[in-house]
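All remarks here apply to the structure that follows.
Residue numbers (my numbering), protein chains in the order written: chain A, 1 to 325; chain B, 326 to 603; chain C, 604 to 1118; chain D, 1119 to 1656.
Structure follows, in structure tokens:
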């Protein structure tokens, strides 16, 4: 019950935050130089003032700023993200088209980074001071220091171009019209490289965090208690240290969801992944206001969702939180 | 503290690497008086293929070694200045929130959370695009997306220091609140801030390179990310054009991380002992 | 003297009848970059849209690489001797993709109603047109007010796409739901569009020329990253890289691969010419000596050889060599930094910084700007690059907020269609990046441009344009750089891919795959 | 019958420590059914001995020499699997901090049954049964509920009982208890001590009980060893060591212990230095969109007076509100009602601005010597900030600071140094000097000696007593330890749950307490009986 109430109150706060984000971004994006009507007219091949005026009228850009803002906010309150004039479709449809790809990519990367990060962190902590620990921590440091896009480029070069093991870009084999399991397999193959490169950096983060946290918890008094009970080393690590050490990692992971979603812009660009990050980047150059704003809102909502999920996980793992609230 | 730091071999490696990078950056105008943009030879020369061009030439026949050296200037400058700006935003905000609590805290933290909810790289892209890519706008954008963790850290530190008894003693001495914050509380939060700052410089360098890679770099200031972005299309035929700047980024970021960890161990001796030989 | 020209073509189908060697079937994967904003060609005339929709929509004519008209929806046509009446005879049995018969009314609706409202570039040509009528279902007559030499070049698919009247008449064109599933008369039908991934077209089984098209289906693949596009071609995922879809540095590597062919043809109609706008209104660029100095300072051959990897030709003036009425008898601006320095000294250049605005179309253009900046710096001009994205570039050029700005424009086969618009005073209008953006004012030349457009015989026009070119090159209102060449790269088993002056844009009708 | 025999145990510290050995040549034995108390101050090596037995030595600390014979096996030399089998089963251990010694994320029941699981004993159902029995045996209420509870849902005493249940699970022959009652309130401590005694009697196990408190020793020890800097300085039967200490160090320790020996009564002062009238402070927690507000009445209508030159002791268990009262009296906490009158000025009613001008009137000496000095400020700064703020010229303030440092026994040179260069006791002296530097009407000492080792504690108490006499100081002395209060105070006020229970002269409170609660507190003081036996005023 308390969990439910806590989530309810968080959601209420989250909705306010989202609205604030919408307003702020509206200001930001409209402050950018460049008129979407001119861009669109340019794309049409030739522009004369008459056409630009037509376009401005259609976009509602001829109206005063506060009217535009008011209309936008009013639309948002009705879950209407506006219309993309450049793409000729409602923004919500554009995003709905692209969102599954982004969700698949970020969630996979999230899970990969969390699972492998924690596993490697535990392994390193168990071998602390030994050569294998140094090797693992050095590796993590390297991952941490490697630019995401560079790793992506190198991965494509090696695994796709030289070795030919995995497709280097795209979401699925176009026109292969696979169905059922074959399609899942096909998408999974395309997913490997982008998810890995996106997850690599965060894997390093979680690994270092897990290792540090494991080492810190292993000096806790209750670990001494467990030893005094006659538990074996692995049992202590599993039952006592890991469970306590994982809490800060989960918190951090939830907080970093925003970076993960942002990092998807780079990954989606290099791997031609048809997600919302790329949609935003492309819309930016065209000053496709509504689409940029829509993507921002949706990705902020994703961040909040990640946060709420980690919060729930935290509450499940840690009995103290729910009771205290 | 220096003793503890200097006994940490990885941290020393970090210092040596960073000094090397800084030296190259400072000496760039001496080593390469022609600047990084001068077209000096045929394009796409392999490293060592021609004397005097140890790292080869790029797509326009410019000296890659010169570009790396000048790129170091830009990367370090952006990394340092953006971190400073982020500190200038985050430290006061976090300090006020942590020290005064109540509505100040609530307001400041809402503000911070708000910025953390916006995916930061996406925000940086939009900011740079809006202000147009110049060194100043890139630096500012990186600062704007980097300060929230600073504010959170400073707030937490201030809150914990504020509860220490010497702060009560200072209040009993009749010191004003701003003075207590400035002279008693903040000096005691410096160590974790320094550690975080050193790691932030590393992150800022990565961010700058990512922006440049996407074409949002300052076209008049050659940076490593800019080089990789420019060379990305020829990665198959001229691997060295993206490889060396990538390596330079890795080395610099690695060095900063090693230093950051070394500082952390040296400044927080309690944490240092976990698991290692005391 | 009266001049009569009647052109009559035999039924095209007979000429294009399938030869024994041509094989039906197969699928083609073509890169489209960037992803088009939409496919309704009557509303959007940008490159990507035309690349895809050029196979869905058709116009009355097509043009061969010498820019001579060929039949398309019109099987034959006549131009009256006074150059005022254009009569087109349409093919019989043409169906829209939804099965509705295509008639002359559709042509009248498209040219006179729909495109007048939506197509700015055609609107300029339509200004010469007095009336468009359909005497019967298979005949269309364009009546001009005064002679307009280039009018015969206006019937290309991108210039005058024929749209279905039964779908658009009386609707709000821009918001018509059918824009998402375009209906044309072309050889391929729209099947599906997965945003961010691909557009799928399938063979039009009811196409009015028997046996065409040969291909079963076409996928236009959206791959946002130039390097990935190259990889896609190498790994066999795509078969055709239209011009400009990979960076120039990758072209030699890709064309050297086994079984890969390339061609520079298929751009004659557009004849893209690149130059830098130089702001004639203010700053150092308002001084003709400075502008000439810029021309001398640039090593344009280096750019052609290195940045463009040898593709293209250094431009001599405002008209591209593929465009009608080109002449090279003008002042040549060879690379000569010393001459540039002399001119700068003569004008007393004070070192004021000039901003170079590159075209935000990828690495090639960025490198080009860097090379120019270096050239200018070495000649003693303080230049720095002003960076911007597409929207910013549009804004700055159309609002005249620049010193030097890269651009390239299509010429559409005739100086009156694609060249004069950039140099006459009536084209000085804020808000468009495609007109006389540099602010060049020369009333004498304006008169000559106008006269040349209305002359009836090609010989007269050629002489007039030669004079114009000679004069304007000395004024250097803009810095002409290069005639661009965008090689199309494809697998050699694909035959007849590029057969017209707009290449891949409408080439799939005749393309086939050798098994 | 000997359960454990330690012979010549020497434990080496890593290089760089303040001395080479944690323990040197330590020998002792514990018989079946016997309780051995190991007594010593911090750093004496008493815990290291226990940790060595359990194989819980920190990294870098190693056994250099000696044997520990347990059932004829040298447990120090056993291979790890056998040590593991021994731990929890034959030798069990409980720790000082019940707050941290239990895994916060595991239910109590699971933590108990884990002992059986670790030694592969019994079926899950039987483990649960046995856990219930154990929980009942250590006197925890509502066993069914307790084994499903998480540690944070239990009080400190309950947690320590749960720890003991775990330790007893497999009926060990030896129980090692490392300061198990130090973190507990006196009344709870008394209960736990009784439980240990009780279990020893019923099970007949040997107990090694580590403590720094001779009061505790008096309560439960059969035999005693006293350790100092890693060596055993005295050993013997409890009565003998307490009654007739041989070694000079033991004597010093015993002398230092505030035994409840009552000082002679002093004449009562008439002018009040501090008057507290009807003081109230309520803490509200929670509150928010969906949460109810919870109220804790930390100080509930308390009135008392501290006379000029008087030391008033304020005693109570944790949560009694005594610290809040002290902090309210200096206006570190703003009260919800009532008055705090110092020299006729009501501190509680002043604005923040006016308050700063009046701050110097009441000063405080804090509990934690490590937190009460700014680590980044020289001592001189700490001692002169306040006076300079008050308007004293800098040179004069500095001269006065040097004088004060002399007075508290540190020497004027201390002014130039940083806090980390001083020990805990020295820092507490600096804290006192800092308070004196403001020339306050009243000093509030909040658990000012609680964090110190007994011998240091005695020195600081001596200093306070000395200052009181020399400077005629008025002190509100807050402590949880009745014995400490007895040593220094003229009068004692007892607080419980925010209310003032009883106030009176030391003699009245100790010898004729009127309230039940006061009597309970007095009864719970460890070694109370022994102190009386030792011929103190009764």
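From the three backbone atoms N, C-alpha and C, an ideal C-beta is built for every residue, glycine too.
Rounded to whole angstroms, how far is the Cβ of residue i from the Cβ of residue j, which I believe are closer than 8 Å?
i               : j               : result
residue 1067(C) : residue 1054(C) : 6 Å
residue 917(C)  : residue 904(C)  : 6 Å
residue 982(C)  : residue 943(C)  : 4 Å
residue 963(C)  : residue 992(C)  : 5 Å
residue 631(C)  : residue 857(C)  : Actually they are not in contact, since the Cβ atoms of residue 631(C) and residue 857(C) sit about 17 Å apart, beyond 8 Å.
residue 383(B)  : residue 368(B)  : 7 Å
residue 1092(C) : residue 865(C)  : 5 Å
Could you check whether the Cβ of residue i sits closer than 8 Å to any Cβ belonging to chain B?
i               : result
residue 1213(D) : no
residue 1001(C) : no
residue 147(A)  : yes
residue 990(C)  : yes
Can you grab the Cα-Cα spacing for the pair residue i / residue j, in whole Å?
i               : j               : result
residue 1632(D) : residue 1638(D) : 11 Å
residue 1267(D) : residue 1225(D) : 5 Å
residue 1481(D) : residue 312(A)  : 47 Å
residue 923(C)  : residue 1084(C) : 11 Å
residue 1306(D) : residue 1275(D) : 6 Å
residue 1519(D) : residue 1433(D) : 31 Å
Do we get a CB-CB distance below 8 Å when we pair residue i with the residues of chain D?
i              : result
residue 490(B) : yes
In this structure, what does DSSP give as the bridge partners for residue i?
i               : result
residue 1612(D) : 1433(D) and 1620(D)
residue 551(C)  : Chain C is shown from 604 up to 1118; residue 551(C) falls before or after that span and cannot be answered.
residue 1156(D) : 1328(D) and 1343(D)
residue 632(C)  : 822(C)
The beta strand (DSSP E) with residue i in it runs from where to where?
i               : result
residue 792(C)  : 791-797
residue 803(C)  : 801-806
residue 1340(D) : Run containing residue 1340(D): none; DSSP gives neither H nor E here.
residue 505(B)  : Premise fails: residue 505(B) is in no beta strand (DSSP E) and is neither H nor E.
residue 692(C)  : 688-693
How far does the alpha helix (DSSP H) with residue i in it reach, from first residue to last?
i               : result
residue 786(C)  : Element bounds for residue 786(C): n/a, residue is neither H nor E.
residue 1445(D) : 1440-1447
residue 1423(D) : Careful: residue 1423(D) lies outside any alpha helix (DSSP H), inside the beta strand (DSSP E) at 1411-1425.
residue 183(A)  : 180-217
residue 66(A)   : 65-77
Of all the CB atoms in chain A, is at least one closer than 8 Å to the CB of residue i?
i               : result
residue 1232(D) : yes
residue 1202(D) : yes
residue 828(C)  : yes
residue 571(B)  : yes
residue 635(C)  : no
residue 800(C)  : yes
Can you confirm whether residue i, when its beta carbon is compared against all beta carbons of chain C, has any partner nearer than 8 Å?
i              : result
residue 555(B) : yes
residue 364(B) : yes
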